[in-house]
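Asker: The structure is given below, and queries will be raised subsequently.
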Amino acid sequence: MALAGTAATAEIWDMPAAYGAGNHVTKSYIAFAEEVTKNSGGDLEIVVHPGGSLYAGAEILRAVRSGQVQAGGRYMGAHAKEDSIFGLDTVPFLATNFGDAQKLYDASRPAIEAALEERGMKLLFMAPWPPQGLFHRNEINSMADMAGTKFRAYDATTSRLAGLMGAVPTTTEATEISQAFSTGVADSMIGSGAIGVFQKLWDYVDNFYLVNAWIPKSAAIVNKDAWDALSPETQAVVEAAAAKAEADVWDAVADVTAGYNQTLAENGMKVSEPSAQLMGEFQAIGETMSAEWAGNASGAGKAAMDAYKGN
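Laid out in structure tokens, this is it:
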């Protein structure tokens, strides 16, 4: 792990990330770090540690909060139990295109910033993942076709979604996906084209439906004490680099998504739009889950959802 330098040398920040260096989200962290290092006049260097090489994904937020590292990149939906606002972008069928995902982010960012601030951290920027689609062994034309399906679940949201679909949730971690499908533990899952490519799901699954269930985000965050120790000039450099990285990754994500989906198709998976009936049934489930989320959310979380919906 890098250590802070003396006054005569650059301050060095470590920034662990769970995903590999070739991933578009990790690339946004690396571009941000390079921009800071280039423009800080030698005052600050940020070293990104991709692929869970420094801390596993589940450990990153805690490491930043405790000051074990100065910064980190983390998928925030995994922390929805700590504060519901972290999971707003994983409410199914609330924001199903990148324009709406941006509006949802704009509506929720102040509450996300406040929740991180309470925990001794500062939000730098957030990077979107591709929309979540439906992978299935079989053709699915309506929700009736999901009845009894063994559906990969990894949190409360996906378990609840399985129940509302009439599917059977089977808890499977990301590292176990290929094994779950190869052994028949799972028949279907919600996930992005990215995970389909990384896991080579074409070996097990024939269909990917572009239902765009939700568009989650990962956050670049910094320990508040480390932030406060920077000079105002260096803080300005970091904020400018964060704004640039955020704008660039949001601009790129549509093309990234298309690339993942093309790779799935090239490897034999049928990538298609859902039927009107299936999409209507999914949207009805989304209304149910949005209402449930709002009923359990903090005041700030509900206000963010209301702001997004224009209420």
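Each residue of the sequence shown is one higher than the one before, counting from 12 in the numbering used here.
Every residue, glycine too, gets a C-beta built ideally from N, C-alpha and C.
Name the DSSP bridge partner or partners of W213?
Answerer: Residue mapping note: residue 213 aligns to position 202 of the sequence shown, counting from 1. Looking at the DSSP assignment, W213 forms no beta bridge with any residue, so it has no partner.
Asker: Determine the direct distance from the alpha carbon of Y319 to that of P27, and round the result to whole angstroms.
Answerer: If you number the sequence shown from 1, residue 27 lands on position 16. If you number the sequence shown from 1, residue 319 lands on position 308. Taking the straight line from one Cα to the other gives about 31 Å.
Asker: Exposed or buried, which one is Q81 when buried takes at least 16 other CB atoms within 10 Å?
Answerer: As a first step, residue 81 is located in the sequence shown; it is residue number 70 there, counting from the start. That one is buried.
Asker: Looking only at its chain, what residues have a beta carbon closer than 8 Å to the beta carbon of W225, apart from the 5 residues adjacent to it on each side?
Answerer: The residue you call residue 225 lines up with position 214 of the sequence shown. Once the five neighbours on either side are set aside, the close Cβ partners of W225 are D100, T101, V102, P103, F104, L105, A106, T107, P142 and Q143.
Asker: Taking the straight line between their C-alpha atoms, what separation do you get for Q210 and V267?
Answerer: For this step, residue 210 is matched to residue 199 along the sequence shown. For this step, residue 267 is matched to residue 256 along the sequence shown. Distance between the alpha carbons of Q210 and V267: 17 Å.
Asker: Would DSSP call W24 helix, strand or coil?
Answerer: As a first step, residue 24 must be located in the sequence shown, where it is residue number 13. Three-state DSSP puts W24 in a strand.
Asker: Which residue spans inside the region 220-289 form an unbroken alpha helix (DSSP H) run of at least 4?
Answerer: Qualifying alpha helix (DSSP H) stretches, in chain order: 235-239 and 243-277.
Asker: Counting only the same chain and skipping the five closest in sequence on each side, list residues whose C-beta sits under 8 Å from that of N307.
Answerer: Against the sequence shown, residue 307 aligns to sequence position 296. Once the five neighbours on either side are set aside, the close Cβ partners of N307 are S95.
Asker: May I have the straight-line CA-CA distance separating G98 from H90, to the nearest angstrom?
Answerer: One-based indexing of the sequence shown puts residue 98 at position 87. One-based indexing of the sequence shown puts residue 90 at position 79. When rounded, the distance between both Cα atoms is 7 Å.
Asker: Return the first residue and the last residue of the beta strand (DSSP E) that R76 is part of.
Answerer: If you number the sequence shown from 1, residue 76 lands on position 65. Segment G68 to S77 is the alpha helix (DSSP H) holding R76; no beta strand (DSSP E) there.
Asker: Assuming L275 and V222 form a contact by the criterion Cβ under 8 Å, report the distance between their Cβ atoms to the nearest whole angstrom.
Answerer: In the sequence shown, residue 275 corresponds to position 264, counting from 1. In the sequence shown, residue 222 corresponds to position 211, counting from 1. With 8 Å as the limit, L275 and V222 do not qualify as a contact, their Cβ atoms being about 14 Å apart.
Asker: Using the Cα positions of A269 and Y215, report the straight-line distance between them to the nearest angstrom.
Answerer: Along the sequence shown, one-based indexing puts residue 269 at 258. Along the sequence shown, one-based indexing puts residue 215 at 204. Cα-Cα distance, rounded: 21 Å.
Asker: Just curious, the beta strand (DSSP E) that Y165 is in, first and last residue?
Answerer: Counting from one through the sequence shown, the residue named residue 165 turns up at place 154. Looking at the DSSP string, Y165 is not in any beta strand (DSSP E), and its letter there is neither H nor E.
Asker: Quickly, what does DSSP pair G144 with across the bridge? List them, please.
Answerer: The sequence position of residue 144 within the sequence shown is 133, counting from 1. G202, per the DSSP bridge assignment.
Asker: Apart from the five residues on each side of it in sequence, which residues of its chain come closer than 7 Å, Cβ to Cβ, to M157?
Answerer: For the purposes of this step, residue 157 is taken as residue 146 along the sequence shown, with counting starting at 1. Contacts found: I151, M176, G177 and A178.
Asker: What span of residues does the beta strand (DSSP E) with H60 cover, start to end?
Answerer: On the sequence shown, residue 60 is found 49 positions in, with the first residue counted as 1. First-last of the beta strand (DSSP E) with H60: L55 to H60.
Asker: Give me the Cα-Cα distance between S119 and G159, rounded to the nearest whole angstrom.
Answerer: Taking the sequence shown and counting its residues from 1, one reaches residue 119 at position 108. Taking the sequence shown and counting its residues from 1, one reaches residue 159 at position 148. Straight-line Cα distance between these residues: approximately 36 Å.
Asker: When the Cα atoms are used, what is the spatial distance from G279 to G131?
Answerer: On the sequence shown, position 268 is the one that residue 279 refers to. On the sequence shown, position 120 is the one that residue 131 refers to. One C-alpha to the other measures close to 47 Å.
Asker: Just tell me which of A230, S193, Y116 and S153 has its CA closest to the CA of G291.
Answerer: Counting from 1 along the sequence shown, the entry for residue 291 is found at position 280. That would be S153, whose Cα lies nearest to the Cα of G291.
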